[in-house]
Structures are given as structure tokens and as C-alpha cells.
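Worksheet: one structure, shown below.
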Amino acid sequence: MKLATYLTEDDPKARVGVVIQNDSAVLDLAGALSAHGLDASLAASMQDLIEGGAERLALIRSAVEAYKGEVLPIGEVRLLSPLPRPVQIRDCMCFEEHLVGSSQAAMRLQGLSEPSERSRKMYDVFKLRPIYYKANRFAVVGHDTDVHWPAYSKLMDYELEMGCILGKTGRDIRREDARAHIFGFTIFNDFSARDTQGMEMESGLGPSKSKDFDSANVLGPWIVTIDEFYPDDASMTVRVNGEVRSTGRSSTMTVKFEDLIAFISTSETLHAGEILGSGTVGGGCGLEAGKLLENGDVIELEVEGIGVLRNRVFAANREDQE
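Residue numbering for the sequence shown follows this note's numbering, beginning at 2 and increasing consecutively.
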């Protein structure tokens, strides 16, 4: 199933729905449950649905299959982030091609002929173990939300990633059991203030204000449950103002989601509703493409099997861009 969190014009309360009819309509889950004689609160929020586990998901499937009521055209609802306030976000680095490509692009920007010591050390660590940082779960927005860039940055960039949503809490999870802990997948645009990031990364503590600003983390347009989609070999495409900027494939992940779950859960509990970002697919950011975003650009990230995540970006000082 494709599960969305959305708003309607006549109701300010967020609803959970199932996206149907080739992504053209949304079915209200609370209404479907009620019509099926079930408690509508079973789908009060996406987090509630996830925490309900496989049993709750089975009840919802039965209600959806039996529902004969009206549905809303997708264009008549406002899609929010499917998880408006995730339990946790850990953004990982799973694509070696991006690590190499972004390092080479940074060298070109700085006029260097050799990678920096920091880049070499990061690559060495990448070869030894999964790398990740904890992203700002309070800076999450959804599909078609305008993103206003922070005043301290001029270099606006996108990053095409997948988000893996955990559906089962666990600790010390074995790799062979990891897939059973996955609820589904979404698209993740990890917006990055490149000028600020370059300075911050020299500290050795990782990114902070280059990633932590309002609307910096975009998730959506919905979650596709793992029974319908797994990113073994999905195409991943970036378009800016309708023009294809890059293409890649999920099969090029050097570190798989099972690896992440097994590593991160070592001596640490992972909770249902947490999100693990895949990191950027090779070529999937403006830094690698040699062309960053400009004021008013519309950025579309597409992952085959999930859908399209779209946002418009505005520079902090628009007069400078006109």
C-alpha cells in the first residue's frame, strides 16, 4: 500500500489515507475503518499505524478492500510529510559513488588537485563501517511545500535519497532478521547549504546548520509498504524545472539497509517510526552535477516504485536573484 498523511480544505486535522487509482486519488482510512465496523483510531496517525504492527496493517487492508465509499482526487488534498514528526532520523552514507563524486566536486570548487585529509579519512571510515549523522526531525516537511533558504547561505543544493521507515522496535538485530523490521520506504530530499557545510565539516563533528534549518528535510510524497516495494534496483531521477539533471539506480548502494539496521542497533534500541536515510545516490546532488539550485527552481525527485517528491526553493534574499 501507499500510505499518505494529508489535509483537506474543510478540516485542519491531519488524516492518514491510502493512495489508489494509479496515484490519482486518496482514500480516508478512518472512514474505511468505520465503514468496516472497526475503530477509526487504529489509523489516527501514521505513527499509530506503524506501531500497530502487521496485525493492524492486515485489518486496514481488509477495510480498504471492502470500502465502497467516495475517495478524494489527489489534487484536492495537501500532502504532508507521511511522518510529520518522525521518532528519529539518521541520515546515512550508502553510495560510494556519491562519496567519491562529491569529494571530487568539492576539490574542483576549491581549486585542489588532491582530496583533503578529511575526505581521505572519511573514505577510510566508510570502508570499515556505515557512516551516519542524526538529522533534525523537527525540520520535516512534505510534497509541494515551498522551501525558504536560510539567510546565512547562498549555495542551495538538493540530495536524492530514499528513507527507510522502521516498523518494528529491536536491539542487536541480526542482519538476516533486519528486513522484518522495515515498514516501508519514502523519498528523502536532504537539502544542503553547501557554503555552510564546507566550513562545518572541517570541525570533524559533522554537519549542523548546513542541514538544520526549517524545511531542510523533505519526506514524501507517501510511504510504500515493504510488501509492495523494496529498492533492489529502482531508477532514481532528479529533474529541475522539468529538465533531467541526473539518473541513478538503487542497486548501486554499497551499504544496504540490512547492514544499517544491524550496525546501528548494536547495543542500541531502534524504534518503530524511525527513519534511516540512504544517503545520496551517485550523481544525485547539484554539487556533483556542477549546477546548484537557483531562486524559484522546482526540484523533482523520482524513485521508481515510490513516486515523485516535488518542492520549490526560494533564496533568502530574492532581490539578489532577480
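Glycine residues also receive a C-beta, built at the ideal position from the N, C-alpha and C atoms.
Item, Value
"Going by the CB atoms, is the gap between I224 and F186 shorter than 9 Å?", "yes"
"For the stretch 44–55 and the stretch 143–156, state whether three or more C-beta atom pairs, one from each stretch, are separated by less than 8 Å.", "no"
"Just confirm the distance between the C-beta atoms of S251 and A235, as a whole number of angstroms; I'd bet it's less than 8 Å.", "4 Å"
"Start and end of the beta strand (DSSP E) containing M163?", "161–167"
"Looking at C-alpha atoms only, which residue of N318, M254, N312 is the closest neighbour of R79?", "N312"
"What is the C-beta distance between L167 and F184, in whole angstroms, given that I count them as a contact (C-beta under 8 Å)?", "6 Å"
"Using 8 Å as the threshold, is the stretch 80–94 in touch with the stretch 133–145, meaning 3 or more CB pairs across them?", "yes"
"Determine the closest residue to L58 out of S193, D228, V88, with distance taken between C-alpha atoms.", "D228"
"Y153 bridges to which residues according to DSSP?", "Looking at the DSSP assignment, Y153 forms no beta bridge with any residue, so it has no partner."
"If you drop the 5 nearest sequence neighbours on each side, which residues of the same chain put their C-beta closer than 8 Å to that of R176?", "E259, D260, I262, A263"
"For I174, which three-state DSSP category applies?", "coil"
"Where Q89 and L110 are concerned, what is the direct C-alpha to C-alpha distance, given to the nearest angstrom?", "33 Å"
"Secondary structure at S236, three-state DSSP: helix, strand or coil?", "strand"
"How about L294 and G287: do their beta carbons lie closer than 9 Å?", "yes"
"V245 and K292: beta carbons closer than 9 Å?", "no"
"At which residues does the alpha helix (DSSP H) containing M94 begin and terminate?", "Here M94 belongs to no alpha helix (DSSP H); instead the beta strand (DSSP E) covers 90–94."
"Which one of R172, P151, E66 has the shortest CA to CA distance from N318?", "P151"
"Three-state secondary structure (DSSP) at A194?", "strand"
"Just verifying my parser: in three-state terms, what is the DSSP assignment at K128?", "helix"
"Tell me the DSSP bridge mates of N23?", "In DSSP, N23 forms no bridge with anything."
"Since A36 is in the alpha helix (DSSP H), which residue starts that stretch and which ends it?", "30–36"
"Identify, in the order they occur along the chain, each residue of the same chain with its Cβ nearer than 6 Å to the Cβ of I276, setting aside the five sequence neighbours on each side.", "P87, I90, G164, I166"
"If we require 4 or more residues per run, which alpha helix (DSSP H) segments fall completely within the stretch 194–268?", "195–202, 258–265"
"Going along the chain, which residues of its own chain have a beta-carbon closer than 7 Å to the beta-carbon of D213, five neighbours each way excluded?", "N137, A140"
"So, with DSSP's three-state summary, where would you put R319?", "Model confidence at R319 stands at a pLDDT of 47, short of 50, so the residue's coordinates are unreliable and nothing is read from them."
"Please state whether the Cβ-Cβ distance between G249 and V299 is less than 9 Å.", "no"
"First and last residue of the beta strand (DSSP E) that includes I300?", "299–304"
"Between which two residues does the alpha helix (DSSP H) holding A5 run?", "Careful: A5 lies outside any alpha helix (DSSP H), inside the beta strand (DSSP E) at 3–9."
"So who's on the other strand from P74, going by DSSP bridges?", "A26"
"Would you tell me roughly how many angstroms separate the C-alpha atoms of G171 and P232, rounded to the nearest one?", "22 Å"
"Do S211 and R195 count as a contact pair if the criterion is CB distance below 9 Å?", "yes"
"Report the rounded CA-to-CA distance for I75 versus V19, giving the unit in angstroms.", "11 Å"
"Out of L73, S35, I21, which one is the CA nearest neighbour of D11?", "L73"
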